[in-house]
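S.K.:
Chains as they are written, first to last, in the working numbering: chain C, 2 to 156; chain R, 138 to 581.
And the structure:
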């Protein structure tokens with residue numbers, strides 16, 4: 002059994018995005034699999050024993066942390082979420098100007114948008130002071146309870 | 138036929154409705170509170186909309202959120218399930234006004250049967266036997282006591298707007314009457330914001346036998362036999378069966394006809410249940426009518442070979458009921474499995490399900506939304522699964538029930554499975570000779 006081969010395979014899986022690798026040569030089949038941690042929960046891919054020899058790759062579990070864009074959010078960013086289910090509108094009427102644009106400075110109480118529910122236009126106000134970094138929903142699209150609408154950089 | 142149905146409910150019944158919708162080729166929308174985002178009905182539906190925080194009144198009971206969710210998903214019908222807004226006339230009306238078909242009765246039908254005192258009057262006028270009692274609400278104490286003597290003590294005072302055992306007091310003799318009346322009124326005011334009280338003869342230790350009916354818009358009203366729901370704890374049903382051990386073909390015809398009469402008198406549309414009390418002499422009296430699909434509908438489905446949710450949807454879409462019901466075949470029993478600890482006063486036992494195995498095999502049906510690693514939220518009722526068994530006769534159904542309960546494994550939380558197994562050892566239950574007082578004297 003070539004231990005160097007096995008070490009190379011482990012390194013290959015470790016340093017790449019590969020999660021499962023199976024190699025067969027001269028009647029020897031080796032499989033290396035790794036656990037991936039995504040957003041704090043563990044996903045274990047299926048691990049099968051080689052059938053022809055009793056090679057055990059104990060300790061070949063490699064943990065790799067993959068961070069997502071949500072985790073790199075800076076501490077002073079705040080999401081404004083929809084308090085109701087409905088349809089999101091940027092402006093009070095189809096031909097009117099949008100309430101706010103990206104880059105606008107807003108205060109607590111500034112009206113940011115409308116969420117329409119059952120024919121009622123509900124004005125959604127900001128609960129913080131800061132700058133609008135991103136508008137997360139397209140005009141006229143449906144939104145559900147607590148769906149993020151705006152990303153605000155707090156002052 | 139509907140293109141898309143929004144299910145305004147959660148848990149096992151939401152899943153139940155979604156399953157039938159899929160079989161009919163109808164798209165489904167699940168709604169969920171934040172506490173239910175990992176719920177199975179959310180996963181199984183074609184679309185899902187978060188409608189609010191965990192509390193019922195801020196999510197599943199919040200009409201604007203439900204209507205709005207239907208609008209943004211383009212749902213053309215709403216199935217309300219049971220509980221929550223299923224018997225809310227206001228909701229039925231708002232659906233109508235919003236051009237969404239409410240899969241259930243009209244606001245008028247709901248109101249007619251929701252007012253218990255009025256419902257009784259309606260039934261009486263249509264020749265349905267009712268429990269002797271006051272003609273409407275009690276207005277003055279003196280004549281009420283006179284009436285009580287006429288009917289014969291014991292009598293029961295009940296809240297007109299009530300249910301679930303609240304606002305009820307049994308009076309055994311005249312000297313207790315005034316105090317009982319005051320307490321019942323106060324409780325009714327506190328629980329339902331309506332202190333109106335009516336009076337009935339108190340039928341001691343009755344059996345609770347209900348008739349399943351279904352009406353369509355083509356003039357058909359059918360009955361699908363009876364369910365015996367006498368095994369109750371604090372007026373909450375725990376075990377239901379069909380047929381009832383005390384109902385023969387003749388009694389079934391009589392009760393079924395009475396139920397149909399009552400339903401026809403209000404031009405009833407959709408699924409409904411007419412509840413009767415049956416005394417030890419086999420006399421039956423109308424108690425109330427529920428204008429919704431009920432938790433225990435599967436036992437009827439098992440012995441009549443019918444998908445009741447499917448019929449509900451067809452009826453709501455304007456079709457006739459698919460077939461006239463035949464005779465019941467075999468015997469079916471449902472065991473409500475709750476996340477409760479029977480050894481500690483049935484206290485709720487929410488938490489994580491560590492290990493789960495559903496029983497299977499011929500004649501075993503599980504209606505449930507739970508899965509291994511699921512966390513049961515503490516905000517809603519404790520029903521986590523319904524185990525429904527079918528057998529050639531009652532004895533066979535009981536043996537199958539026992540086997541299935543023994544196979545049913547739930548670890549990580551406490552359930553009422555051990556309790557059900559104990560009931561299946563009790564001679565009174567096994568003989569079929571029991572009534573609604575059965576669990577009062579039950580030793581665990």
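Backbone N, C-alpha and C define an ideal beta-carbon position, used for all residues, glycine too.
Return the residues of the segment 489-518 of chain R that lie within a Cβ-Cβ distance of less than 8 Å from chain C, sorted by chain order.
M.R.: Answer set for the segment 489-518 of chain R: empty.
S.K.: Going straight from the alpha carbon of residue 208 of chain R to that of residue 187 of chain R, what length do you get?
M.R.: The alpha-carbon atoms of residue 208 of chain R and residue 187 of chain R are separated by roughly 14 Å.
S.K.: Let's see if you can read the secondary structure: which residues bound the beta strand (DSSP E) around residue 157 of chain R?
M.R.: Not the beta strand (DSSP E): residue 157 of chain R falls in the alpha helix (DSSP H), residues 148-160.
S.K.: Where do the N-terminal and C-terminal ends of the alpha helix (DSSP H) with residue 261 of chain R fall, by residue?
M.R.: Per DSSP, residue 261 of chain R belongs to the alpha helix (DSSP H) from 253-262.
S.K.: Go through the segment 510-553 of chain R residue by residue and report every complete run of the alpha helix (DSSP H) that reaches 4 residues or more, in order.
M.R.: Qualifying alpha helix (DSSP H) stretches, in chain order: 531-544.
S.K.: When the distance is taken between beta carbons, is residue 448 of chain R closer than 8 Å to residue 461 of chain R?
M.R.: The answer is no: Cβ separation not under 8 Å.
S.K.: I want to know whether the segment 538-558 of chain R touches the segment 487-495 of chain R - three or more CB-CB distances under 8 Å.
M.R.: Yes, the segment 538-558 of chain R touches the segment 487-495 of chain R.
S.K.: Between R:350, R:291, R:406 and R:356, which has its C-alpha nearest residue 392 of chain R's C-alpha?
M.R.: Per the Cα distances, R:350.
S.K.: Check residue 89 of chain C in the structure and name its three-state DSSP category.
M.R.: Strand, per DSSP.
S.K.: Please confirm whether residue 163 of chain C has its beta-carbon closer than 8 Å to some beta-carbon of chain R.
M.R.: As displayed, chain C neither begins before 2 nor continues past 156, which places residue 163 of chain C out of reach and without an answer.
S.K.: Since residue 583 of chain R meets chain C, which of its residues come closer than 7 Å, beta carbon to beta carbon?
M.R.: With chain R covering 138 to 581 only, the question about residue 583 of chain R has no answer from this structure.
S.K.: Short of 7 Å Cβ to Cβ, which residues in the segment 117-131 of chain C face chain A?
M.R.: Any reference to chain A falls outside this structure, whose protein chains are C and R.
S.K.: Between the segment 360-369 of chain R and the segment 435-448 of chain R, do at least 3 Cβ pairs fall closer than 8 Å?
M.R.: With a cut-off of 8 Å, the segment 435-448 of chain R and the segment 360-369 of chain R count as touching, because enough Cβ pairs lie within range.
S.K.: Is the shortest distance between the beta-carbon of residue 541 of chain R and the beta-carbons of chain C less than 8 Å?
M.R.: Judged by the 8 Å Cβ criterion, residue 541 of chain R is not in contact with chain C.
S.K.: Candidates R:539, R:145 and R:236: which alpha carbon is nearest residue 556 of chain R's?
M.R.: Ranking R:539, R:145 and R:236 by Cα distance to residue 556 of chain R puts R:539 first.
S.K.: Under 7 Å, CB to CB, which of the residues in the segment 211-222 of chain R have a partner in chain C?
M.R.: Hits within the stretch: zero.
S.K.: Could you tell me the alpha carbon to alpha carbon distance between residue 323 of chain R and residue 195 of chain R, rounded to whole angstroms?
M.R.: Roughly 27 Å separates the two Cα atoms.
S.K.: Helix, strand or coil for residue 246 of chain R per DSSP?
M.R.: Helix.
S.K.: Could you please give the first and the last residue of the uninterrupted beta strand (DSSP E) stretch that includes residue 369 of chain R?
M.R.: Looking at the DSSP string, the run of the beta strand (DSSP E) that includes residue 369 of chain R is 358-370.
S.K.: Assign residue 508 of chain R to one of two classes, buried (16 or more other C-beta atoms within 10 Å of its C-beta) or exposed (fewer than that).
M.R.: Per the 10 Å Cβ criterion, exposed.
S.K.: What does residue 189 of chain R touch in chain C if you count any residue whose Cβ is under 7 Å from its own?
M.R.: Going along chain C in sequence order, the residues near residue 189 of chain R (Cβ under 7 Å) are 146.
S.K.: Using CA atoms only, rank isn't needed, just tell me which of R:142, R:330, R:282 and R:380 is closest to residue 534 of chain R.
M.R.: Considering only alpha carbons, the answer is R:380.
S.K.: Starting from residue 5 of chain C and walking both ways along the beta strand (DSSP E), at which residues does that stretch end?
M.R.: From DSSP, residue 5 of chain C is part of no beta strand (DSSP E) but of the alpha helix (DSSP H) over 4-15.
S.K.: List the endpoints of the continuous beta strand (DSSP E) containing residue 169 of chain R.
M.R.: Taken as a continuous stretch (DSSP letters only), the beta strand (DSSP E) holding residue 169 of chain R covers 164-170.
S.K.: To the nearest angstrom, how far is the alpha carbon of residue 242 of chain R from that of residue 185 of chain R?
M.R.: Cα to Cα, the separation comes out at about 25 Å.
S.K.: Inspect the CB distances between the segment 334-350 of chain R and the segment 284-293 of chain R and report whether three or more fall short of 8 Å.
M.R.: Touching, per the Cβ criterion.
S.K.: Is it right to say residue 205 of chain R is buried, meaning 16 or more other beta carbons lie within 10 angstroms of its own, or is it exposed?
M.R.: Counting Cβ neighbours within 10 Å, residue 205 of chain R comes out buried, since at least 16 surround it.
S.K.: To the nearest angstrom, report how far apart residue 515 of chain R and residue 327 of chain R are at their CA atoms.
M.R.: Those two C-alpha atoms are separated by around 24 Å.
S.K.: Let me check understanding here. Comparing Cα to Cα, which of R:385, R:315, R:344 and R:405 lies closest to residue 359 of chain R?
M.R.: Answer by Cα proximity: R:405.
S.K.: For residue 57 of chain C and residue 512 of chain R, what's the separation of their Cα atoms in angstroms?
M.R.: Because residue 57 of chain C sits at a pLDDT of 41, beneath the cut-off of 50, its placement in the model cannot be relied upon, and the following sentence gives the value as read from the coordinates. Their backbone Cα atoms lie some 36 Å apart in a straight line.
S.K.: Would residue 50 of chain C be called buried (16 or more neighbouring beta carbons within 10 Å of its own) or exposed?
M.R.: Note that residue 50 of chain C scores 39 on pLDDT, short of 50, meaning its location in the model is unreliable; the coordinates nonetheless yield the value given after this. Exposed, by the Cβ-count rule.
S.K.: Using three-state DSSP, classify residue 20 of chain C as helix, strand or coil.
M.R.: Three-state result, residue 20 of chain C: coil.
S.K.: What does residue 271 of chain R touch in chain C if you count any residue whose Cβ is under 8 Å from its own?
M.R.: Within chain C, no residue comes near residue 271 of chain R; the closest Cβ sits about 41 Å away, beyond 8 Å.
S.K.: Report the residue ranges of all alpha helix (DSSP H) runs contained in full by the segment 290-364 of chain R; include only those spanning at least 4 residues, in chain order.
M.R.: List check, alpha helix (DSSP H) in window: 311-329.
S.K.: Return yes when the Cβ of residue 275 of chain R is within less than 8 Å of the Cβ of residue 314 of chain R, no when it is not.
M.R.: Not closer than 8 Å, so no.
S.K.: Helix, strand or coil, according to DSSP, for residue 287 of chain R in the structure here?
M.R.: Of the three classes helix, strand and coil, the one that applies to residue 287 of chain R here is helix, per DSSP.
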